[in-house]
Amino acid sequence: MPRFAANLSLLYPDLSFPQRIAAAAADGFDGVECQFPYDWPAAELAARATESGLPWVLINTPAGDWQHGERGLAALPGREAEFRRGVDTALAYAHTLGCRRLHVLAGLQPPGVDRSRCLATYADNLAWAARQAADAQATLLIEPLNARDVPGYLLRTQAEAHRWVQTLGIPQLKVQMDLYHCQISEGDLTRRLQHDLPTGRVGHLQIAGVPDRHEPDDGELNAPYLFTLIDTLAATAGQASPWIGAEYLPRRGTEPGGTSAGLGWLRAAREALASRPVL
Ligand SMILES: O=C(O)C(=O)[C@H](O)CO
Ligand SMILES: [Mg+2]
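The opening position of the sequence shown corresponds to residue 1 in the UniProt record's numbering, with each subsequent residue numbered one higher.
Below, the structure is given as structure tokens:
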């Protein structure tokens with residue numbers, strides 16, 4: 001059965017970041033993930049998760065100057081030293097948190113720089129970072145992002161991401177398949193999941209409603225159907241229960257209790273999964 005992780009960078013915006021861990025536990029999530037934990041001491045975040053009984057499932061490596069629009073460094077020529085320092089920082093956090101998945105963002109193609117130069121940098125940096133992750137018994141993930149939200153991002157489709165994983169051939173490098181981005185960029189989610197999940201190259205999944213990136217309970221995605229499909233595909237392939245990160249902007253925003261009030265989709269998912277036929 002899939003396990004659900006609360007993405008604490010987006011959920012529970014009415015609470016301080018460390019308080020969000022206990023809120024996720026109280027709401028029945030199985031784990032926590034986030035985009036950037038670096039404003040808080042790793043030891044505190046680890047202690048809060050232990051108190052709440054939830055594992056840390058995923059963090060991103062530092063992604064450059066986020067406030068000024070940067071979206072990762074892995075494919076940016078000339079930023080290699082900063083990228084590698086960021087991976088070291090992320091690995092230190094991951095070690096303290098007991099977290100085994102690191103998402104590394106590629107970045108936006110800089111004006112005046114050839115795409116081919118960016119991709120050569122990406123190849124070198126990914127290979128280096130995946131080896132560091134392997135030494136730390138962690139998995140490095142790459143995630144295609146949609147062009148509406150992140151114009152100019154250097155990794156766009158699932159097929160491209162899978163080609164990187166195959167080309168670099170490092171078992172600790174995998175794809176982070178965010179169904180929200182995939183639906184916007186490519187659609188055809190059933191066929192993509194049927195094609196990609198059995199390969200074993202998908203190391204993490206995420207979801208949000210489409211088109212507005214709110215709770216996955218209306219709009220274009222049929223979440224209970226997708227969860228059951230993922231569950232069936234993973235079980236048929238003999239894979240461990242996949243993690244699915246809930247990475248969305250709660251519809252009720254910062255209204256106190258707004259995230260918890262929007263979790264009907266999680267209860268519905270558990271019911272749909274519990275009632276599906278055992279394979
Ligand atoms: O935007 C997403 O979907 C992500 O997962 C990244 O971590 C942040 O851009
Ligand atoms: Mg995502």
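Idealized CB from N, CA, C, for every residue including glycine.
The region 115-128 makes no contact with the region 39-58: fewer than 3 CB pairs, one atom from each, lie closer than 8 Å. Shown here, Gly264 sits in a helix according to DSSP, grouped into three states.
About 11 Å separates the Cβ atoms of Leu189 and Leu205, ruling out a contact at the 8 Å cut-off.
For Gln206, the CB falls within less than 7 Å of some heavy atom of ligand 2.
Distances between the C-beta of Glu247 and the heavy atoms of ligand 2 include at least one below 7 Å. Scanning the region 115-152 for uninterrupted alpha helix (DSSP H) segments of 4 residues or longer gives 115-135, listed from N- to C-terminal end.
Note that the C-beta distance between Pro250 and Gly262 is below 8 Å. Of the heavy atoms belonging to ligand 2, at least one sits nearer than 7 Å to the Cβ of Glu143. Of the candidates Glu215, Leu145 and Gly200, Gly200 places its Cα closest to the Cα of Thr236. As the crow flies, the alpha-carbon of Pro110 is around 33 Å from that of Gly253. Checking the 7 Å criterion, the Cβ of His181 is within range of a heavy atom belonging to ligand 1.
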